[in-house]
Amino acid sequence: MAATETKAQRVERLKGELNPWEAYAEIVRFAREGWDAIPPEWLGTYFRWWGIYTQGDGVGAIGGKGGEGKATRHFMVRIRIPNGQLQAHQLRTIAGLAEGYARGIADITVRQNIQLHWVTLESLPDVFQTLWRTGITTMGACGDVTRNVTGCPLAGVDADEIVDASPLVHAATRMLNGNPAFYNLPRKYKVSITGCRVWCAYPEINDVGLTALRHPATGEIGFAVRVGGGLSTDPRLAGRLDAFVHWHEALPVLRAISEIFRDSDVLRQNREKARLKFLFLQHGWTGEKFLAAVEDRLGGSLEHGVPDDPPEDVYRDHVGIHRQRQDGLVYAGVAVLRGRLTPAEMRAAADLAERYGTGELRTTTMQNLLIPNVRRERAAALARELDAAGLRLESSPFWRGTIACTGSEFCKLALTETKGFARALVEELEARLPGFDEHVKLHVTGCPNSCGQHWIADIGIEGKKVKVDGALVDAYYFCVGGGLGRQAATARPIGLRVPATDVGATIERLLRAFLAERFAGESFRQFCARHSDEELRVRLAGGRVETTERDVPAGRPPHGVDG
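Residue numbering for the sequence shown follows this note's numbering, starting at 7 and increasing by one per position.
Have a look at this one:
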């Protein structure tokens with residue numbers, strides 16, 4: 007190995023030497039022989055292909071070197087849930103694993119997965135085999151592979167959907183996950199396929215987003231395709247290609263795009279600039295060039311695109327009781343604050359899904375949980391039992407609109423603790439603004455990598471550190487006015503950073519200004535759009551303050567912590 011080998015060169019060399027999907031026996035051997043048997047390349051790279059990464063010590067990035075904190079001898083295990091579709095017995099199994107191996111903690115992620123923490127090396131084979139027996143896996147939930155393919159959690163039951171696209175989600179998963187042709191991509195690769203009208207799977211921030219639409223001339227249902235979306239430190243909203251993709255073309259088009267990404271060696275030179283979006287951001291690619299490359303792979307032209315209909319600025323959380331497309335049926339959407347569930351809550355949800363529904367559950371990109379296929383006349387009884395189990399169908403805008411990443415509690419890259427902070431912040435805002443009833447998305451992310459998706463929030467707060475009376479404390483930098491849909495835009499860095507203890511009061515000032523100054527019918531996002539950064543900063547701070555730069559560190563890129 008050359009002494010001057012870069013981080014990117016090292017990772018590429020390791021991937022070239024071994025397909026981790028073909029080396030599960032090594033994990034079994036490590037579990038048998040103990041921690042000291044694990045070589046560095048497994049701890050730092052290969053484990054991720056199995057949905058595993060080492061857990062931080064609770065201090066976060068500042069406790070280590072080079073932007074990454076110290077690891078413990080425990081793991082995070084991410085369970086892949088394609089389209090967020092679960093059966094009751096599967097959720098019950100996850101509850102048992104959380105109770106037996108993860109100290110009672112399970113988190114729904116922003117990609118519809120479920121994460122366990124505190125998992126030991128010795129327990130990994132049992133965790134994997136238990137999951138496999140129930141038909142779910144951790145394979146491909148992390149690493150330089152296709153991550154969990156997301157879709158509308160209401161696929162097949164949404165009263166207003168264009169088409170149930172979940173069969174394509176599962177077919178895409180079978181095509182890409184575990185396939186040795188796609189184990190070695192330049193970086194993580196995120197795909198969203200949805201047939202709903204509100205784009206709740208966020209195609210705009212995926213590497214590939216397929217959204218259903220009806221051809222205006224023929225009435226045929228097909229897809230628009232967007233490419234190159236992503237957040238992290240260089241956010242980019244996906245651009246639409248000039249193509250109408252017929253249903254039977256969806257998988258070939260997705261494979262072609264995946265091959266283009268896989269074969270783009272220019273993206274393998276720098277880990278920080280290796281996502282698909284950097285073909286557009288740094289290498290001169292255009293939508294026209296990308297479409298030509300897709301068609302070259304397909305061996306023929308795609309039909310020209312037709313106008314699609316991005317949704318209005320809507321709330322995409324599915325919370326509450328709502329009718330389904332099936333006559334007489336409704337679904338129940340539970341608002342799970344921070345996505346965190348206890349084993350008791352998971353078992354209760356599974357039991358209720360079997361008693362009141364058909365044993366199906368759905369996870370969402372807003373870290374919530376749905377129970378579909380409930381008879382309308384039984385909805386009130388289900389609501390009472392959910393409430394008794396501590397699962398909320400009704401909640402404040404702060405409870406239902408708050409998203410939080412893993413944070414320094416478990417993540418080695420985080421600067422701040424997020425899960426406990428988010429809960430306390432919600433409770434504080436509910437006390438400060440009782441009766442506030444406007445939809446506001448409040449996203450908490452513990453570092454600049456945006457695993458908490460602060461770039462698409464009405465109010466996105468990014469973890470920092472500041473000194474207060476000589477002590478280093480958690481702080482947050484404010485980004486305001488983000489959102490997706492028809493007026494999609496990333497949130498604006500507003501030039502204000504405050505200690506974590508002051509965040510609640512800071513948000514209260516802005517929201518009270520919104521209530522006092524808004525135009526009739528104006529949303530919070532529209533209010534932000536018509537004010538300058540300085541005007542918003544004054545309202546947040548309660549007076550004029552100097553602009554604070556966002557100070558993004560040039561450190562290690564995220565490697566699987568985003569769910």
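From the three backbone atoms N, C-alpha and C, an ideal C-beta is built for every residue, glycine too.
Given the structure is predicted, the values throughout are model-derived calculations rather than measurements.
Handout entry: Backbone secondary structure at GLU18 - three-state DSSP
Key = Three-state DSSP puts GLU18 in a helix.
Problem - Where ASN379 falls: helix, strand or coil (DSSP) - result: strand
Exercise for the section: Report yes if the C-beta distance between TRP205 and THR224 is below 8 Å; otherwise report no. Expected result: no
Problem - Alpha carbon of TRP253 to alpha carbon of ASN183, nearest angstrom - result: About 21 Å.
Practice task
Measure the beta-carbon distance from ALA161 to GLY110 and round it to whole angstroms, keeping in mind my assumption that it falls under 8 Å.
Solution key: Rounded, the Cβ-Cβ distance is 30 Å, inconsistent with contact.
Handout entry: Segment limits, beta strand (DSSP E) that includes GLU468
Key = 465-474
Problem - Separation of VAL214 from THR292, as counted between CA atoms - result: 15 Å
Practice task
Starting from CYS534, trace the alpha helix (DSSP H) both ways and give me its first and last residue.
Solution key: 530-535
Practice task
Please list, in chain order, all residues of the same chain as HIS565 whose beta carbon is under 6 Å from its beta carbon, the five residues on each side excluded.
Solution key: Because HIS565 sits at a pLDDT of 49, beneath the cut-off of 50, its placement in the model cannot be relied upon, and the point is left open.
Practice task
Identify the continuous beta strand (DSSP E) that holds PRO505 and give its terminal residues.
Solution key: 498-505
Exercise for the section: Would you tell me roughly how many angstroms separate the C-alpha atoms of ARG515 and LEU397, rounded to the nearest one? Expected result: 30 Å
Problem - Same chain, Cβ closer than 6 Å to ARG268, five either side skipped, listed in chain order - result: LEU191
Problem - Touching by the beta-carbon criterion (3+ pairs, under 8 Å), the segment 484-500 and the segment 529-536 - result: Using a Cβ-Cβ distance cut-off of 8 Å, the segment 484-500 and the segment 529-536 are in contact, since at least three pairs of beta carbons, one from each stretch, lie closer than that value.
Handout entry: Chain-order list of residues whose beta-carbon lies under 6 Å from that of LEU174 (same chain, five-residue window excluded)
Key = ILE199 and ALA256
Handout entry: ILE68 burial status per 10 Å Cβ neighbour count (16 or more: buried)
Key = exposed
Problem - Integer Cβ distance of HIS445 from ALA463, believed to fall under 8 Å - result: Not really, about 12 Å apart at Cβ, beyond 8 Å.
Handout entry: 8 Å Cβ cutoff met for GLY157 and PHE250
Key = no
Practice task
Report, in whole angstroms, the separation of the C-beta atoms of ALA428 and ALA410, which I expect to be a contact under 8 Å.
Solution key: 4 Å
Problem - Under the three-state DSSP convention, the category GLU309 falls into - result: strand
Practice task
Throw me the rounded Cβ distance for the ILE85 and LEU130 pair, which I believe falls under 8 Å.
Solution key: 13 Å between Cβ atoms; not a contact.
Problem - Whole-number beta carbon distance between GLN275 and LEU14, since they are thought to touch under 8 Å - result: The amino acid at residue 14 is misidentified as Leu; the sequence shows Ala. Sure, about 6 Å apart at Cβ, within 8 Å.
Handout entry: Same chain, Cβ closer than 6 Å to LEU282, neighbours up to 5 away in sequence not counted
Key = If we look at LEU282 and ignore the five residues flanking it on each side, its Cβ neighbours are ASP213, GLY234 and PHE267.
Handout entry: Identity of the residue in ALA104, ALA94 and SER238 nearest ASN574 by Cα
Key = Outside the modelled stretch of the chain, which goes from 7 to 569, sits residue 574, for which no answer is possible.
Handout entry: Residue from ARG368, ALA31, ASP170 and GLY363 with nearest C-alpha to ASP323
Key = ARG368
Handout entry: For GLU468 and GLY326, the rounded distance between their alpha carbons
Key = 29 Å
Practice task
Assign PHE525 to one of two classes, buried (16 or more other C-beta atoms within 10 Å of its C-beta) or exposed (fewer than that).
Solution key: exposed
Problem - Close-in-space but distant-in-sequence residues of the same chain around GLY561 (CB under 6 Å, 5 per side omitted) - result: Per-residue confidence for GLY561 stands at a pLDDT of 46, beneath the threshold of 50, marking its modelled position as unreliable; the derived number appears in the next sentence. These residues qualify, in order along the chain: GLY73.
Problem - ARG331 versus LEU49, ARG382, GLU294 and GLY70, residue with shortest Cα-Cα distance - result: Its Cα nearest to that of ARG331, the residue ARG382 stands out among LEU49, ARG382, GLU294 and GLY70.
Practice task
Mind the definition here: the segment 502-509 touches the segment 473-482 only if three or more C-beta pairs lie below 8 Å; say whether that holds.
Solution key: yes
Handout entry: Option nearest ARG384 by Cα separation, candidates LEU335, ILE513 and LEU546
Key = LEU335
Practice task
Ignore the nearest five residues each way along the sequence and tell me which others in ILE263's own chain have a CB closer than 7 Å to its CB.
Solution key: VAL214, VAL233 and VAL300
Practice task
Count the other C-beta atoms from every protein chain shown that fall within 10 angstroms of the C-beta of ASN89, then say buried if there are 16 or more, exposed otherwise.
Solution key: So ASN89 ends up on the buried side.
Problem - For GLY426, the nearest candidate out of LEU517, GLU351, PHE36 and THR451 (CA to CA) - result: Ranking LEU517, GLU351, PHE36 and THR451 by Cα distance to GLY426 puts THR451 first.
Practice task
Going by CA-CA distance only, name the one from ALA104, LEU260, PRO46 and ALA94 that's closest to ALA77.
Solution key: Closest in C-alpha terms to ALA77, from the list ALA104, LEU260, PRO46 and ALA94, comes PRO46.
Exercise for the section: Return the residue from the list ILE168, SER172 and ARG242 that minimises the CA-CA distance to ARG220. Expected result: Residue ILE168 is the option with its Cα nearest to ARG220.
Exercise for the section: Assign ASN374 to one of two classes, buried (16 or more other C-beta atoms within 10 Å of its C-beta) or exposed (fewer than that). Expected result: buried
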